[in-house]
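Asks: So in the numbering used here the end of the sequence shown lands on 768, straight run, no missing numbers.
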Amino acid sequence: MRASGILMHISSLPSEYGIGTMGAEAYRFVDFLADAKQTYWQMLPICPTSYGDSPYQSFSTHAGNPYFIDLDMLEEEGLLDKDDYEDIEWGSDEDRVDYSALYKNRYKVLRMAYERFKDTDRTIFELFLDKNEAWISNYALFMTIKDHHDGKPWTEWEEGLKRRDPHELWLFKEAHADEVEFYEFIQFKFFEQWEKLKEYANGKGVQIIGDIPIYVALDSAAVWVYPDLFDLDEDLMPKTVAGCPPDAFSATGQLWGNPIYDWERHKETDYNWWIDRLRAAVELYDVVRIDHFRGFDGYYAIPYGESTAVNGEWKKGPGIEFFRFVESRLGKLPIIAEDLGFLTSSVLQMLADSGFPGMKVLEFAFDPREESNYLPYNYDKNCAVYIGTHDNAPIRGWIDELDDDTIRFCKKFLNYECGDMDGFIWTFIKTAFACVGDTVIIQMQDYLGLGNESRMNTPSTASGNWQWRMKKGAYGGRLAEKIADITSTYGRCPR
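1) Kindly indicate which three-state DSSP category Pro649 falls into: helix, strand or coil?
2) Do Lys540 and Pro500 have their C-beta atoms within less than 8 Å of each other?
3) Quick one: using the 10 Å Cβ neighbour count with 16 as the cut-off for buried, is Asp343 buried or exposed?
4) Can you give me the C-alpha to C-alpha distance between Asn655 and Ser627, rounded to a whole angstrom?
5) Please list the terminal residues of the continuous beta strand (DSSP E) segment that includes Pro532.
6) Using three-state DSSP, classify Tyr659 as helix, strand or coil.
7) Go ahead and label Asp492 buried or exposed: buried means 16 or more other beta carbons lie within 10 angstroms of its beta carbon, across all protein chains shown.
8) Roughly how many whole angstroms lie between the Cα atoms of Trp427 and Pro339?
9) Helix, strand or coil for Lys745 per DSSP?
10) With DSSP as the reference, identify every bridge partner of Asp484, one or two as the case may be.
11) Quick check: what's the CA-CA separation for Thr525 versus Pro518?
12) What's the C-alpha gap between Thr417 and Ile485?
13) Can you check whether the CB of Pro511 is closer than 8 Å to the CB of Asp559?
14) Given a cut-off of 8 Å on the beta-carbon distance, is the pair Leu352 and Val382 in contact?
15) Which of the three DSSP states, helix, strand or coil, is assigned to Phe770?
16) Chain D beta carbons: is any one of them nearer than 8 Å to that of Phe455?
17) Buried or exposed: where does Tyr376 fall if 16 or more other Cβ atoms within 10 Å of its Cβ makes it buried?
18) Three or more C-beta pairs under 8 Å: does that hold for the region 624-638 against the region 656-666?
19) Would you decide whether Gln622 is buried or exposed? Buried here means 16 or more other CB atoms lie within 10 Å of its CB.
20) I need the straight-line Cα distance from Leu528 to Ile487, nearest angstrom please.
21) Between the C-alpha atoms of Phe398 and Thr312, what's the straight-line distance to the nearest angstrom?
22) Judging by CA-CA distance, which residue of Gly585, Phe401 and Leu306 is the nearest neighbour of Val479?
23) Please report the distance separating the alpha-carbon of Tyr720 from that of Thr294.
24) Among the residues of its own chain, which have a CB less than 7 Å from the CB of Lys471, if the five just before and after it don't count?
25) Is it the case that the region 274-283 contacts the region 358-374, given that we only count it when at least three CB pairs across the two stretches are under 8 Å?
26) Quick one: residues in its chain with C-beta nearer than 6 Å to the C-beta of Phe401, no 5 flanking neighbours on either side, listed in chain order?
27) Please classify Pro321: does DSSP put it in a helix, a strand, or coil?
28) Starting from Cys683, follow the alpha helix (DSSP H) in both directions and report where the run begins and ends.
29) On the criterion of 16 or more Cβ atoms from any shown chain inside 10 Å, does Glu349 qualify as buried, or is it exposed?
30) Measuring straight from C-alpha to C-alpha, what distance separates Ser771 and Glu289?
31) What's the call for Pro732, buried or exposed, on a 16-neighbour Cβ count within 10 Å?
32) Using CA atoms only, rank isn't needed, just tell me which of Ser277, Arg275 and Pro287 is closest to Lys744.
33) Across which residues does DSSP place Arg369 in a beta bridge pair?
34) Cβ-heavy atom distance between Ala625 and the ligand HEM below 7 Å?
35) By how many angstroms is the C-alpha of Trp587 removed from the C-alpha of Glu447?
36) Among all the DSSP beta bridges, which residues are the ones paired with Leu505?
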């Protein structure tokens, strides 16, 4: 089925309160997608962000980001008054998310909502807790303990809490039951708003493509609760951490710092942790993009404590047998494999055997010195085509970084010899739409013609990422009509 969609995280939606939410603007964006005849809204992970504000480094594999809870919707429920949040300084730049302002103020406002919630009917809340008992009580307790340790990672807590001594955990939970329930309440409201938004999107013919990182953060409830599933030493510190080796983009590689899985232990437990994680993902989203898919075939392990990724080594992952086992438990899953990076023949074989569509990125295609697998004439139908992902520059910023030979080859391939930048961007978009690949996803920044000021992430940089926000009124009817026309022209309107 030929289809198309737009990549933009919830955080990038316009909002008067510092960051995009699941409120009115999200519904307006769904209407825009439907008017533009788009099948997909692709997002980044919607989990809580931790240090560095990256959605790929979270305190939880299951929880939702509290910042995305819409305050106006809580006000409509009677859980907030406008005065509780309207006069707060949520950030001075409508184009950027100010995470420090959110961290300082958002939980205070949500706490006000929780205090009013205590006097309401708790029936649905209790049902939510029962349904999500497998993860939510551990997550809420983890966050409460973290608060009482001034945000310190669990590896620095006292031994009883660090090693999850049952008696110590019980004593702490009894002493801080109200704070634990506050974190449970936040998740209740997040998923209540999420389910309504997703139902609305699906009713408009728009499916949600979600994103799950292959790895989890060391400082997360997942590692705290299941340390035996990770390559940790007797002190519960990592022996090895994840990353990527040096390449043309980085002489020292990428040091992500996530703990490595103990795949043998996962196999011994019938991959139950992964089964639960993937089951939750396909219930949450319509399609799931798995980040760093090649890590299931082979992964790069770096000794803990290294300052760069230079001294790592490749190790064998669980391979296709993992996905065959998952399919035997959950059936065939709607997955997009993020298969970018260093691809060996075994990675390519695993992807082919899985049947999942891989990814093609047009911005990687135009090297005049050699033929690229990312040139459209090398695509097959079973792939998802991007001009760029959240890790790439928008077209306007990307072309500013190219040498003359690459620009010349790109324009020659696109049959675009002269004209303004807007024309070049739309030619690029049409080239993606015209390709044989079943799915095409375009960053919203490219439809808006924005440059590097709107780039979502620059890999191997520690600050300035994940902040871009779309200005209020930046998109509307004319843009939707233009996208709809292209979508129809290139046969990507399955509805």
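Note that the Cβ used here is the ideal one computed from N, Cα and C, for glycine as well.
Replies: If we stick to the structure as given:
1) Looking up residue 649 in the sequence shown gives position 376. In the structure shown, Pro649 sits in a helix (DSSP, three-state: H, G or I).
2) Start at 1 with the first residue of the sequence shown, and residue 540 comes out as number 267. Start at 1 with the first residue of the sequence shown, and residue 500 comes out as number 227. Contact: no.
3) On the sequence shown, position 70 is the one that residue 343 refers to. Counting every other CB atom within 10 Å of its CB across the protein chains shown gives Asp343 a total of 16 or more, marking it as buried.
4) Translated into positions along the sequence shown, residue 655 becomes position 382. Translated into positions along the sequence shown, residue 627 becomes position 354. About 12 Å.
5) In the sequence shown, residue 532 corresponds to position 259, counting from 1. Start and end: Gln527 to Pro532.
6) Along the sequence shown, read from residue 1 onward, the residue named residue 659 stands at position 386. In the structure shown, Tyr659 falls within a strand segment according to DSSP collapsed to helix, strand and coil.
7) What you label residue 492 is simply residue 219 of the sequence shown in a count that begins at 1. Label assigned to Asp492: buried.
8) Residue numbering aside, residue 427 sits at position 154 when the sequence shown is read from its first letter. Residue numbering aside, residue 339 sits at position 66 when the sequence shown is read from its first letter. Using only the alpha carbons, I get a separation of about 21 Å.
9) On the sequence shown, residue 745 is found 472 positions in, with the first residue counted as 1. Correct three-state label for Lys745: coil.
10) Position 211 of the sequence shown, counting from 1, holds the residue named residue 484. DSSP links Asp484 through a beta bridge to Arg562.
11) Residue 525 sits at position 252 when you count from the first residue of the sequence shown. Residue 518 sits at position 245 when you count from the first residue of the sequence shown. Spanning the two alpha carbons is a distance of roughly 7 Å.
12) On the sequence shown, residue 417 is found 144 positions in, with the first residue counted as 1. On the sequence shown, residue 485 is found 212 positions in, with the first residue counted as 1. Those two C-alpha atoms are separated by around 24 Å.
13) As a first step, residue 559 must be located in the sequence shown, where it is residue number 286. As a first step, residue 511 must be located in the sequence shown, where it is residue number 238. Against a cut-off of 8 Å, the Cβ pair of Pro511 and Asp559 comes out as no contact.
14) Taking the first residue of the sequence shown as 1, we reach residue 352 at position 79. Taking the first residue of the sequence shown as 1, we reach residue 382 at position 109. Note that the C-beta distance between Leu352 and Val382 is not below 8 Å.
15) Look at the range of the chain in this structure, 274 to 768, and you will see that residue 770 is not part of it.
16) Of the protein chains in this structure there is only one, and it is not chain D.
17) Here residue 376 is taken as the residue at index 103 of the sequence shown, counted from 1. So Tyr376 counts as exposed.
18) yes
19) Within the sequence shown, residue 622 is the residue found at index 349, counting from 1. Its Cβ having fewer than 16 others within 10 Å, Gln622 is exposed.
20) As a working note, residue 528 is residue 255 in the sequence shown. As a working note, residue 487 is residue 214 in the sequence shown. Each residue's Cα considered, the two are about 15 Å apart.
21) Stepping through the sequence shown from its first residue, residue 398 is reached at position 125. Stepping through the sequence shown from its first residue, residue 312 is reached at position 39. C-alpha separation (whole angstroms): 32 Å.
22) On the sequence shown, position 206 is the one that residue 479 refers to. It is Leu306 whose Cα lies nearest to the Cα of Val479.
23) Indexing the sequence shown from 1 puts residue 720 at position 447. Indexing the sequence shown from 1 puts residue 294 at position 21. Their Cα atoms are separated by approximately 21 Å.
24) On the sequence shown, position 198 is the one that residue 471 refers to. Hits under 7 Å: Ile481.
25) no
26) Counting from one through the sequence shown, the residue named residue 401 turns up at place 128. Closer than 6 Å at Cβ, skipping near neighbours: Phe461.
27) On the sequence shown, residue 321 is found 48 positions in, with the first residue counted as 1. Coil, per DSSP.
28) Here residue 683 refers to the residue found at position 410 of the sequence shown. Counted as a single uninterrupted DSSP element, the alpha helix (DSSP H) harbouring Cys683 occupies residues Asp677 to Phe686.
29) By 1-based counting over the sequence shown, the position of residue 349 is 76. It is exposed - the Cβ of Glu349 has fewer than 16 other Cβ atoms within 10 Å.
30) For residue 771 there is no data in the structure shown, the boundaries of the chain being 274 and 768.
31) Here residue 732 refers to the residue found at position 459 of the sequence shown. Exposed: under 16 other Cβ atoms inside 10 Å.
32) Here the question's residue 744 lines up with position 471 in the sequence shown. Comparing Cα positions, the closest option is Pro287.
33) Here residue 369 refers to the residue found at position 96 of the sequence shown. DSSP output for Arg369 lists Trp741 as bridge partner(s).
34) The ligand content of the structure shown is nil, which means the ligand HEM is not present either.
35) Along the sequence shown, read from residue 1 onward, the residue named residue 447 stands at position 174. Along the sequence shown, read from residue 1 onward, the residue named residue 587 stands at position 314. One C-alpha to the other measures close to 45 Å.
36) The count along the sequence shown starts at 1 and reaches residue 505 at position 232. Partner(s): Pro511.
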